[in-house]
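Enquirer: All the letters of the sequence shown, read from the start, carry residue numbers 375 to 852 under the working numbering.
For glycine and all other residues, C-beta sits at the position ideal for the given N, C-alpha and C.
Below: one structure in structure tokens.
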Amino acid sequence: MRDGIVLRPQPSDDPNDPLNWSSFQKHMAMATISYLALVCYITVTALVPATLSLARAFGVPKATAVYLGNTPVALYAVGPLLWSPMSHFIGRRPVLLLCNMVAIIGTAVCASAQTYGTCMAGRVILGLGGSAFWSLGPASIGDIFFRHEKGKKVGISTLAIVVAPFLGGIVGGAILHDKSLDWRWTQWIPLMLMGAGLIAQIFFLPETIYIRNRPDTAVPAASGPVPSKLTFWGRYGVHVPKRHSDAQHSFWFIFTRPFVMFCFPAVLLSSFWFGIAYMMHVGITAEIPLIFSPPPYNFTELDVGLSAFSGLIGALVGEAFAGPMLDAIAKRNLKRELPWKPELRLKAIWPALVTVPLGLMMFGVSIQFANSWVPALVGQAIYIFGIEIATTVTQTYLLECYPQQGAEASLVFNLCRNLMSYTAPFFLAPMLAKLHGSLTFSIFSIFAVIFFPPTVGVLMWRGEKIRQKSGDPGWSRD
375 MRDGIVLRPQ PSDDPNDPLN WSSFQKHMAM ATISYLALVC YITVTALVPA TLSLARAFGV
435 PKATAVYLGN TPVALYAVGP LLWSPMSHFI GRRPVLLLCN MVAIIGTAVC ASAQTYGTCM
495 AGRVILGLGG SAFWSLGPAS IGDIFFRHEK GKKVGISTLA IVVAPFLGGI VGGAILHDKS
555 LDWRWTQWIP LMLMGAGLIA QIFFLPETIY IRNRPDTAVP AASGPVPSKL TFWGRYGVHV
615 PKRHSDAQHS FWFIFTRPFV MFCFPAVLLS SFWFGIAYMM HVGITAEIPL IFSPPPYNFT
675 ELDVGLSAFS GLIGALVGEA FAGPMLDAIA KRNLKRELPW KPELRLKAIW PALVTVPLGL
735 MMFGVSIQFA NSWVPALVGQ AIYIFGIEIA TTVTQTYLLE CYPQQGAEAS LVFNLCRNLM
795 SYTAPFFLAP MLAKLHGSLT FSIFSIFAVI FFPPTVGVLM WRGEKIRQKS GDPGWSRD
């Protein structure tokens, strides 16, 4: 017990147990994961303000150049299907180190590309490497913090994910505004930041997988006797998780586990609704250069980048609400020693149900009828406020429902989020041309509302019984 709160899960006596790391060690590991999740996606979106420059450079239509911006999103959906099972066999530390190097290579290919095809290949490689930090990041953070801390800590990680598209736009726009730099520097500069992240990984992000064979005992992830203190190799080495014999599974078995998680309503329903709510995030980001560059807005590339400040503000305010609210719910329950159920986390999602559709409708009506860019960007900020709340609440809820399958549940969450949002730029432009802004975004506002009761609403009402009926996944990465 600490500060009157029962610690869950209970830490062991082993200094290699991430729950026993010092506060500095825990927060540096969390900061490193969050930083790389942020930087890798900044690299993705820093290219978006250069859409028109890319079209001219490669001799392709503007609508085709847009695909360079959103293609990595598809890899963020499918890439983790490879990285997660690998992490179970060789550990999260080596996988995350490898993925950062893959992302660096992809960024270098994109920055030096002379053709559209080569640039697209670099974007695919970048998305493949960067995807690991979205999928393994929340699970790694869940390994090192206690239940009453997870809401705020996972929220910081998801904040990095949500604000990255906007910071990327700001960075890209500022780079393009400098006439001595061209679009290639929107990739070279983030590449340097990823290199700094690689150094931070080496020193501040040890292996977070820790095997607990039984609730009352634990052994370190690496084989050998329990050390009296955390050794140099224990911190900076690479350790293959050692599991007891009945937990040994083939790579194929582990590879298929995320698909098994689709059979669990708590995972599928919450992830599906979030995908519906989130899909316009990428759609708006991809279309902003095409919406605001023509009259009456006449945005320059710098203006396009600076427009991302609205989403950044919305995300920051949203996380300022979501993380503390989630932790307050957990602390109140633990102090009263009441039975805990993950569905209590979902109480914090109500503001998202209001602000997501409200912000979308405001954005759509404004780009159709207003001559000023202000109401449209205010609408975007309101929408992102809700998205940040929904991201933190849903991610924390999934980790609570299936803590031993947290990485796999996160894969389902990310697959829904990224695969659904990846498709948005393909149909959003034709819809805007035929239906205009107000009707287009009103449709997606309605989707967010009508899909809530049969998904998240059902989980809030009957989630505990639904999980009991669906049973335990019947396997563990441990």
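For the candidate residues S396, N474, S397, whose alpha-carbon lies nearest to that of Y415?
Expert: As a position in the sequence shown, residue 415 is number 41, starting the count at 1. Of the listed residues, the one whose Cα sits closest to Y415 is N474.
Enquirer: Alpha carbon to alpha carbon, how far is R706 from I518?
Expert: As a first step, residue 706 is located in the sequence shown; it is residue number 332 there, counting from the start. As a first step, residue 518 is located in the sequence shown; it is residue number 144 there, counting from the start. Going by the C-alpha atoms only, they are around 21 Å apart.
Enquirer: Please state the DSSP three-state secondary structure of N394.
Expert: Along the sequence shown, one-based indexing puts residue 394 at 20. In this structure, N394 counts as helix in the three-state DSSP scheme.
Enquirer: Distance check for I549 and D556, CA to CA, integer angstroms please.
Expert: Walking along the sequence shown from the start, residue 556 turns up at place 182. Walking along the sequence shown from the start, residue 549 turns up at place 175. Approximately 8 Å, taken between the alpha carbons.
Enquirer: Straight-line CA distance for L412 to A803?
Expert: Looking up residue 412 in the sequence shown gives position 38. Looking up residue 803 in the sequence shown gives position 429. Each residue's Cα considered, the two are about 27 Å apart.
Enquirer: Let me confirm a value: G657 is counted as buried when at least 16 other C-beta atoms fall within 10 Å, else exposed. Which label applies?
Expert: To locate residue 657, count along the sequence shown from 1; it is residue 283. When all chains shown are included, G657 counts as buried.
Enquirer: Closer than 8 Å to a non-hydrogen atom of the ligand COA - does that hold for the CB of W508?
Expert: In the structure on display, the ligand COA does not appear, and there are no ligands present to speak of.
Enquirer: Is it buried or exposed, G748, if we count other Cβ atoms within 10 angstroms and call 16 or more buried?
Expert: Here residue 748 corresponds to residue number 374 of the sequence shown, with the count starting at 1. The amino acid at residue 748 is misidentified as Gly; the sequence shows Val. When all chains shown are included, V748 counts as exposed.
Enquirer: Return the CA-CA distance between C493 and P663, expressed in angstroms with no decimal places.
Expert: Counting from 1 along the sequence shown, the entry for residue 493 is found at position 119. Counting from 1 along the sequence shown, the entry for residue 663 is found at position 289. Taking the straight line from one Cα to the other gives about 19 Å.
Enquirer: For G433, does the three-state DSSP call read helix, strand or coil?
Expert: As a position in the sequence shown, residue 433 is number 59, starting the count at 1. Note: G433 maps to coil in three-state DSSP.
Enquirer: Nearest-angstrom Cα distance between F818 and L421?
Expert: Along the sequence shown, read from residue 1 onward, the residue named residue 818 stands at position 444. Along the sequence shown, read from residue 1 onward, the residue named residue 421 stands at position 47. Each residue's alpha carbon lies about 26 Å from the other.
Enquirer: Let's see if you can read the secondary structure: which residues bound the alpha helix (DSSP H) around K839?
Expert: For this step, residue 839 is matched to residue 465 along the sequence shown. Taken as a continuous stretch (DSSP letters only), the alpha helix (DSSP H) holding K839 covers 832 to 844.
Enquirer: Pop quiz: G546 and P423 are said to be a contact at Cβ under 8 Å. What is the actual Cβ separation, rounded to whole angstroms?
Expert: Here the question's residue 546 lines up with position 172 in the sequence shown. Here the question's residue 423 lines up with position 49 in the sequence shown. Under the criterion of beta carbons closer than 8 Å, G546 and P423 qualify as touching, at roughly 4 Å.
Enquirer: Note down the Cα distance separating A451 from V498, rounded to an integer number of angstroms.
Expert: Residue mapping note: residue 451 aligns to position 77 of the sequence shown, counting from 1. Residue mapping note: residue 498 aligns to position 124 of the sequence shown, counting from 1. Cα to Cα, the separation comes out at about 12 Å.
Enquirer: Tell me where the alpha helix (DSSP H) around C473 begins and ends.
Expert: Along the sequence shown, read from residue 1 onward, the residue named residue 473 stands at position 99. Run containing C473: 466 to 485, per the alpha helix (DSSP H) assignment.
Enquirer: So the alpha helix (DSSP H) F737 belongs to, where does it begin and stop?
Expert: Position 363 of the sequence shown, counted from the first residue, corresponds to residue 737. Run containing F737: 724 to 743, per the alpha helix (DSSP H) assignment.
Enquirer: So what does DSSP say about A750, is it helix, strand or coil?
Expert: As a working mapping, residue 750 is identified with position 376 in the sequence shown. When secondary structure is reduced to three states using DSSP, A750 falls in the helix class.
Enquirer: If you compare alpha carbons, which of T417, Y757, M568 is closest to F815?
Expert: Locating residue 815 in the sequence shown gives position 441, where the first residue counts as 1. Per the Cα distances, Y757.
Enquirer: Buried or exposed: K843, going by 16 or more other Cβ atoms within 10 Å of its Cβ?
Expert: Counting from 1 along the sequence shown, the entry for residue 843 is found at position 469. Counting Cβ neighbours within 10 Å, K843 comes out exposed, since fewer than 16 surround it.
Enquirer: Taking only the alpha-carbon atoms, compute the straight-line gap between V440 and W714 and give it to the nearest angstrom.
Expert: What you label residue 440 is simply residue 66 of the sequence shown in a count that begins at 1. What you label residue 714 is simply residue 340 of the sequence shown in a count that begins at 1. Each residue's alpha carbon lies about 46 Å from the other.
Enquirer: According to DSSP, is P847 helix, strand or coil?
Expert: Locating residue 847 in the sequence shown gives position 473, where the first residue counts as 1. If DSSP states are grouped into helix, strand and coil, P847 belongs with coil.
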